[in-house]
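Here the structure comes first, spelled out in structure tokens, and everything after it is commentary.
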Amino acid sequence: TTTPSITSNACLIQSFFTLYQKIKTTFFPSKTHRVPISSSSSSSSSEDETFLFDLYIASGNHDEYWLNTFALPVLNEINIKYIKRQTYHDNDQLDILYDNYIRKRSHLLYYIINDYERLSHLTTELAFLIGERKYHIIVCLQLTINENSEKILTKNERQDIERSRKYLEDIAKKEKIVLCQSREQSWQHVLAFLQRN
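Here is the structure:
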């Protein structure tokens with residue numbers, strides 16, 4: 033058996049994502065602008081240095097208002113290219129693949145893990161990304177679950193979530209990831225990074 037060449041693999045991936053974009057745009061129009069995946073970024077030898085976005089943002093629903101009214105207008109004003117993490121519909125594999133691709137093409141990953149939601153998927157995903165040691169990452173991590181949270185009601189669940197977040201904090205500190213407990217403080221680090229780079 034023969035192994036497909038790197039060039040043919042790159043063409044297949046490009047075709048797959050082009051088809052994916054058309055399907056998603058037709059059936060699930062998104063407010064977030066997506067930059068087309070060009071052949072040069074797929075097959076270039078400097079693939080790892082090609083960024084489609086300056087900033088990739090992952091957060092829970094509780095942070096949407098803050099992002100939309102405070103953070104995103106600032107990014108638009110200073111002409112920063114950003115994209116928000118996909119909200120997966122029934123573990124949509126196309127969304128997951130697209131998100132993986134976009135993360136690799138983003139200069140900085142910004143994760144907000146608040147104290148009102150479980151966000152276990154973000155915690156797990158972030159721990160994996162930190163372990164890969166391939167990304168610039170800034171994290172807002174609130175370790176203690178708010179007692180007024182309507183989504184986390186039992187003491188045992190609260191303790192489990194807090195334990196997993198403490199583990200994430202330990203990993204982030206070990207890998208020297210910028211880690212903050214408030215959105216505002218983490219946001220200042222994001223802006224400083226974008227201005228430097």
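In our numbering, the protein residues as written are 33 to 229.
All C-beta atoms in this analysis are idealised placements derived from N, C-alpha and C, irrespective of residue type, glycine included.
### Pick from Leu185, Asn93, Asp131 that is closest to Leu238, judged by C-alpha positions
Outside the modelled stretch of the chain, which goes from 33 to 229, sits residue 238, for which no answer is possible.
### Query
When the Cα atoms are used, what is the spatial distance from Ile169 to His221?
10 Å
### Message
Using only CA atoms, which one of Glu201, Leu84, Glu207 lies nearest to Arg137?
### Response
Leu84
### Query
Exposed or buried, Ile209, counting other C-beta atoms within 10 Å across all chains shown (16 or more means buried)?
That one is buried.
#### Entry: Buried or exposed by the 16-neighbour rule on C-beta atoms within 10 Å, applied to Asp202
exposed
### Query
Taking just the CA atoms, how far does Ala90 sit from Ile184?
20 Å
### Task
Whole angstroms is fine: what's the gap from Glu164's alpha carbon to Val171's?
16 Å
### Same chain, Cβ closer than 6 Å to Leu141, five either side skipped, listed in chain order
Tyr88, Tyr167, Ile169
### Query
Roughly how far, in whole angstroms, is the beta-carbon of Asp192 from the beta-carbon of Gln174, given that I think they are within contact range, below 8 Å?
Contact flag wrong, Cβ pair sits at about 16 Å.
### Task
Use the C-beta contact count for Glu149: other C-beta atoms within 10 angstroms, 16 or more gives buried, fewer gives exposed.
buried
#### Entry: Whole-angstrom distance between Asn188 and Asn111, CA atom to CA atom
44 Å
### Query
How many Å lie between Ser214 and Phe102 at the Cα?
Their Cα atoms are separated by approximately 14 Å.
### Message
On the DSSP bridge list, what partners appear for Tyr88?
### Response
Ile115, Leu141
### Message
Is it buried or exposed, Tyr114, if we count other Cβ atoms within 10 angstroms and call 16 or more buried?
### Response
buried
### Task
Express the C-alpha separation of Ala159 and Leu99 in angstroms, rounding to a whole number.
23 Å
### Task
From the DSSP output, read off the bridge partner residues of Ile162.
Ile162 pairs with nothing; no bridge assigned.
### Task
Please list, in chain order, all residues of the same chain as Arg135 whose beta carbon is under 8 Å from its beta carbon, the five residues on each side excluded.
Tyr88, Leu141, Leu161, Tyr167
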